[in-house]
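Q: Residue numbers (mature numbering (1 follows the signal peptide of the UniProt record, and there is no 0)): -23 to -1, 1 to 146. By construction, the Cβ of each residue, glycine as well, lies at the ideal position given by its N, Cα and C atoms. Bear in mind the structure is a predicted one, so any value in this text is a computation, not a measurement.
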Amino acid sequence: MNSKLKAGICGVLFAFASHAAFAAEPADFVDEASAKGIAEIEAGKLALQKSQSADVKSFAQMMIDDHTKANQTLRGIAQQKGLKVATDAELLDKAKKLILDIREESFDRSYANNQVNAHEKTIELFNEEVKDGKDAELKAFASETLPKLEKHLEEARKLAAAHGGDAKQ
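1) I think residue 45 touches residue 18, with their Cβ atoms under 8 Å apart; what is that distance to the nearest whole Å?
2) Reducing DSSP to helix, strand and coil, say where residue 130 ends up.
3) Closest to residue 148 by C-alpha separation, out of 30, 54, 35, 39, would be which residue?
4) Is residue 89 near the ligand SAH, with its Cβ less than 6 Å from a heavy atom?
5) If you reduce the DSSP assignment to three classes, tell me which class residue 136 lands in.
6) Taking all protein chains shown into account, decide if residue 128 is buried (16 or more other Cβ within 10 angstroms of its Cβ) or exposed.
7) Using only the alpha-carbon positions, how far apart do residue 115 and residue 15 sit?
8) CA-CA distance, residue 58 and residue 3?
9) Excluding the five sequence neighbours on either side, which residues of its own chain have a C-beta within less than 8 Å of the C-beta of residue 83, listed in chain order?
10) Tell me whether residue 29 sits in a helix, a strand or coil according to DSSP, three-state version.
11) If we count the other Cβ atoms within 10 Å of its Cβ and call it buried at 16 or more, is residue 108 buried or exposed?
12) With DSSP collapsed to three states, give me the class of residue 2.
13) Does the Cβ of residue 13 have 16 or more other Cβ atoms within 10 Å, making it buried, or fewer, making it exposed?
14) Just how far apart, CA to CA, sit residue 119 and residue 106?
15) CB-CB under 8 Å to residue 126, same chain, minus the five flanking residues each way: which ones, in chain order?
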C-alpha cells in the first residue's frame, strides 16, 4: 500500500473516530463505540509504522492494547444480545471509499491532535450512553470504560503539546 493511501486511510480513520453520533438504541451505541475502537486500533498501528517518536509509539501501543480489550468486552456483550459489532474489514472498506483529503503536515502532530479530538467525541458518546442508554449492561460498560478514555484524553493532550499540536490542554 503506498504512503499516500496509508495517509488517506489514517485521515479517514481519524474522521471516523472524531465523528460524534449519539446512540439512541443499544445497537447504535455498539456500532458507534466499536467503530471508534477499531479506528483507534488501526490508527495506532499506523502510528507504530510511521512515527519515529518514542512517546507517540508508546501512546499508539496503549491505544491498540486498551481499545482491543474494550472492543473484546463490547463484542462479548453485543453477542449475548444478538447485536452486530463492526469488523476491521468493514471499517477499512468504508475508509477506502471516503478518502478525500490527505494531510501533508507532520504525522506525529496530526496523530496527536486527532487523538485529542477523537477522545473528546468518544467521551461524549460514552457519557450519553451512561446518561440515556437503554441497556443496563451497555451503560455499565460505558461507565467502566469512561475513566480509561479520560486518561487517554489527558495523555493525548500532553502528546499534542509535545509535538506542536494545537489541541487544548
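A: In brief:
1) A Cβ-Cβ separation of about 6 Å places residue 45 in contact with residue 18 under the 8 Å criterion.
2) Here residue 130 carries a helix assignment [DSSP, helix/strand/coil].
3) Outside the shown range of the chain (-23 to 146) lies residue 148, about which nothing can therefore be said.
4) No copy of the ligand SAH appears in this structure; indeed no ligand is present at all.
5) Reduced to three states, the DSSP call for residue 136 is helix.
6) Counting Cβ neighbours within 10 Å, residue 128 comes out exposed, since fewer than 16 surround it.
7) Each residue's alpha carbon lies about 18 Å from the other.
8) Here the alpha carbons of residue 3 and residue 58 stand approximately 9 Å from one another.
9) The beta carbon of residue 83 is closer than 8 Å to those of 140, 141 in its chain, skipping five residues each way along the sequence.
10) Looking at residue 29 - three-state DSSP - the assignment turns out to be coil, as it is neither helix nor strand.
11) Label assigned to residue 108: exposed.
12) Coil, per DSSP.
13) That one is buried.
14) For residue 119 and residue 106, the distance between alpha carbons rounds to 7 Å.
15) Cβ neighbours of residue 126 beyond the five flanking positions: 96, 99, 100, 103.
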